[in-house]
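Visitor: Pasting in a structure now, in structure tokens, and then I'll have a few things to ask.
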Amino acid sequence: MIIQNYLELFLQQTITFFAILDPIGVSAVMLSILHINVTKKEIEKVAYKSTLTIVIAFFIVFFAGNILLSIFGVNINAIKVIGGIILLLMSIKMIQDSIIMKENNKNKSKNIENDLSIVPIAIPILFGPGIFSTIIIMRENTQVFSDIIITILAFLLNSFFVYIIFKNSIYIKKILNVTGQNIITKLMGLIVGAISVQFIISGIIELSKIYLQ
């Protein structure tokens, strides 16, 4: 029974991270940012650096996020509300917007992706305010060591997904085309929207207990 609970938590957090990160949708944005003649080798470098960046960012936020909240005197439930609103806005954007593949200047330096892989691809496109607030909330909800390990493993698994999807983004684009990527992004938007509502309601209930007593 305990193992089943761990598996359910791991699956829930894995899906949550995947929906918010939306690596398939972001891979399309990545291709639109890089120069039009980008090679597979260059994309592999971008995939590696972007993945490494979000992993480092995750551990910083996961272990230092609560310290920052304490310094500024911010209640975690307030983060739940504002984080939920951010996720809700993100989900609406994911559902409404279409991925537009832009043709970039062919004369762009082929070394530019070394910079773009960190900013803006990894941060803030992939690792933005939505995932930031989600990590802080998840960290607050982890009461035992096993929960911490599960959350870390769930994010690392998603980081692996990001790397594989980014690395093979050219092939994914050919298979799914823009329409397929849009459909997946919209489905992820629905999941993100549902998660955001849970965050908002939970945060408001807890804040009401504090301020309406």
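Counting with this note's numbering, you get residues 9 to 221 for the letters of the sequence shown. All C-beta atoms in this analysis are idealised placements derived from N, C-alpha and C, irrespective of residue type, glycine included.
Tell me the rounded alpha-carbon separation between I222 and I41.
Guide: Residue 222 lies beyond the residue range present for the chain, which begins at 9 and ends at 221; the question has no answer from this structure.
Visitor: Going by beta carbon distance, what residues of the same chain come within less than 6 Å of E148, once the five residues before and after it are set aside?
Guide: Contacts found: I84.
Visitor: Identify, in the order they occur along the chain, each residue of the same chain with its Cβ nearer than 6 Å to the Cβ of I208, setting aside the five sequence neighbours on each side.
Guide: V89 and G92
Visitor: Please report the residue range of the alpha helix (DSSP H) in which I126 lies.
Guide: In this chain, I126 is not harboured by any alpha helix (DSSP H), its DSSP state being neither H nor E.
Visitor: So, are the CB atoms of I191 and I180 less than 9 Å apart?
Guide: no
Visitor: Identify every run of the alpha helix (DSSP H) within the region 129-189, keeping only runs that are complete inside it and at least 4 residues long; order them along the chain.
Guide: 137-149 and 153-175
Visitor: Check whether the Cβ atoms of I72 and M196 lie closer than 9 Å to each other.
Guide: Reading off the sequence, residue 72 comes out as Ala, not Ile. Not in contact: A72 and M196 (Cβ atoms no closer than 9 Å).
Visitor: Nearest-angstrom Cα distance between F163 and I44?
Guide: 31 Å
Visitor: Using a Cβ-Cβ cut-off of 8 Å (strictly less than) and excluding sequence neighbours within five positions of L161, which residues of its own chain qualify?
Guide: F18
Visitor: Flag this pair as yes or no: are the beta carbons of L97 and T142 separated by less than 9 Å?
Guide: By the CB criterion at 9 Å, L97 and T142 fall outside the cutoff.
Visitor: To the nearest angstrom, how far is it from the Cα of N113 to the Cα of T47?
Guide: The predicted position of N113 is uncertain, since its pLDDT is 42 and thus under 50; a value taken from the coordinates is nonetheless stated next. Cα to Cα, N113 sits roughly 15 Å from T47.
Visitor: Do L134 and S261 come within 9 Å of each other at the CB atom, strictly closer than that value?
Guide: Look at the range of the chain in this structure, 9 to 221, and you will see that residue 261 is not part of it.
Visitor: Between which two residues does the alpha helix (DSSP H) carrying N83 extend?
Guide: Premise fails: N83 is in no alpha helix (DSSP H) and is neither H nor E.
Visitor: Which residue from I183, M102 and I126 puts its Cα closest to that of T61?
Guide: I126
Visitor: Just how far apart, CA to CA, sit S35 and Y219?
Guide: C-alpha separation (whole angstroms): 43 Å.
Visitor: Does L29 pass the burial test, meaning 16 or more other C-beta atoms within 10 Å, or should it be called exposed?
Guide: buried
Visitor: Closest to I129 by C-alpha separation, out of E214, Y171 and S216, would be which residue?
Guide: Y171
Visitor: Looking at the structure shown, is I44 part of a helix, part of a strand, or coil, going by DSSP?
Guide: coil
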